[in-house]
Ligand code: C2E
Ligand code: MG
Ligand code: MG
Ligand code: MG
C-alpha cells in the first residue's frame, strides 16, 4: 500500500492540470479499475422550483471512492478521463446508473422527478454516442422527458454543425439539454439561441457572493431576463443562503441548487432527504 501511495504520489488538493504524465497514467488505470470494482457512486443534489418550493429533480454528480485517497472529487479526475479517452466509458456508466435510479424514483411515486447528467464534449464528439444512449434508455424504458443533459459552453466552440444535428435528435427523443457553468466560457447568448437548449445554468462563481456583489447582481438579473426572452428556463447553482435565494426570487429565477437546500448526497440518503422534504410540504 505504501508503494502504491508513492507511485501515485498525489497530493489530495492537487488539481488535475498539474499532474505529470506518470500520475495521469496511474490515475487513468485506477479509474478504469474503479468502473469495474464498483468504486464509483452517483451523488444527487436537489434542484428546487422557486415558485412553489417543490423539488424539480436532481443533478447527479460522480464520486470516486479511492482505496487510498477516499472520496476523490470529479474536478480531480474528469480532465484525466477526458485526456485518456476513459470518459466515454465513464459517461455510459453514469447514464446506466442514473437510469436505474430514475426507475427507483418513479416506482416510489416521484414520477415527475427529473435527473440532470453532466455530458463531456468528448462524449458529444463520439461517433456512436447517440446509439449508445438509445440502447441504455430502451433497456431501462426511461421516460426521456425526465432526463436532462448538461453541456458546458466549451462544447459549442468545436463542431457546431455536429452539435446542432445531435441536439435536434436529442430534442426529438424528448431529452432536455442545458448550458452548464454559463458565464465562464466564451459563447454568447446569441450563439446559444441558435441551438435547441431548454435551460441555462448560471455558474456558481456569480451566485456564491451574490448578496455582497452588486456587479454580480446586475449580471445575474440581466442574464435571467435575456435567457427568458430566449424561452430558456434558468437555474442558479451555488445557492448557500436565504439571502441569495431572496435575490434570485426577485429576479424571477426558475430553479435553484446549492448547499442551502442540500449538499450532494448518496442516492439512498437522497431518497431519505426527498421523503423528509416532501413530508414538510404536506
Ligand atoms: P457542475 O456540473 O457545475 O456541478 C456543480 C458543482 O458545484 C458540484 O461540484 C457541486 O457539488 C457544487 N456545488 C453545488 N452547490 C454548491 C454550493 O452551494 N456551494 C459550492 N461551493 N459548491 C456547490 P462537484 O460535485 O465537485 O463536481 C464538479 C464538476 O465535475 C461538475 O461541475 C461537473 O463539471 C463535473 N462532473 C461531476 N460529475 C460528472 C459526471 O458524471 N460526468 C462529467 N463529465 N462531469 C462531471
Ligand atoms: Mg452540471
Ligand atoms: Mg455547473
Ligand atoms: Mg462546474
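In full-length UniProt numbering, the protein residues as written are 543 to 824.
For glycine and all other residues, C-beta sits at the position ideal for the given N, C-alpha and C.
Note that the coordinates shown come from a computational prediction; the quantities given were computed from them, not determined experimentally.
Cross-strand partners of residue i (DSSP beta bridge)
i           : result
residue 586 : 602 and 807
residue 724 : 744
residue 691 : 659 and 719
residue 613 : 607
residue 775 : 741
Residue environment, residue i, which counts as buried when at least 16 other CB atoms sit within 10 Å
i           : result
residue 817 : exposed
residue 806 : buried
residue 656 : buried
residue 613 : exposed
residue 608 : buried
residue 575 : exposed
residue 777 : buried
residue 643 : buried
residue 804 : buried
residue 684 : buried
residue 765 : buried
Check: residue i C-beta below 7 Å from any heavy atom of ligand 3
i           : result
residue 743 : yes
residue 779 : yes
Cβ shell of residue i (< 6 Å), same chain only, five flanking positions each side left out
i           : result
residue 735 : 772
residue 664 : 624 and 629
residue 589 : 598, 599, 797 and 799
residue 627 : none
residue 566 : 622
Residues near residue i by beta carbon distance below 7 Å, same chain, minus five either side
i           : result
residue 604 : 582, 584, 616 and 636
residue 752 : 758, 759, 762, 786 and 789
residue 748 : 725, 758, 761 and 762
residue 632 : 577 and 623
8 Å Cβ shell around residue i - same chain, five flanking residues per side excluded
i           : result
residue 693 : 661, 663, 666, 719, 720, 721 and 722
residue 701 : 667
Residue i CB to nearest heavy atom of ligand 2 below 7 Å
i           : result
residue 692 : yes
residue 695 : no
residue 740 : no
residue 601 : yes
Check: residue i C-beta below 7 Å from any heavy atom of ligand 5
i           : result
residue 722 : Annotation note on ligand 5: not contained in the displayed structure, which lists ligand 1, ligand 2, ligand 3 and ligand 4 as its ligands.
Minimum length 3: unbroken beta strand (DSSP E) runs contained in the segment 621 to 685: The segment 621 to 685 contains these whole beta strand (DSSP E) runs: 656 to 660.
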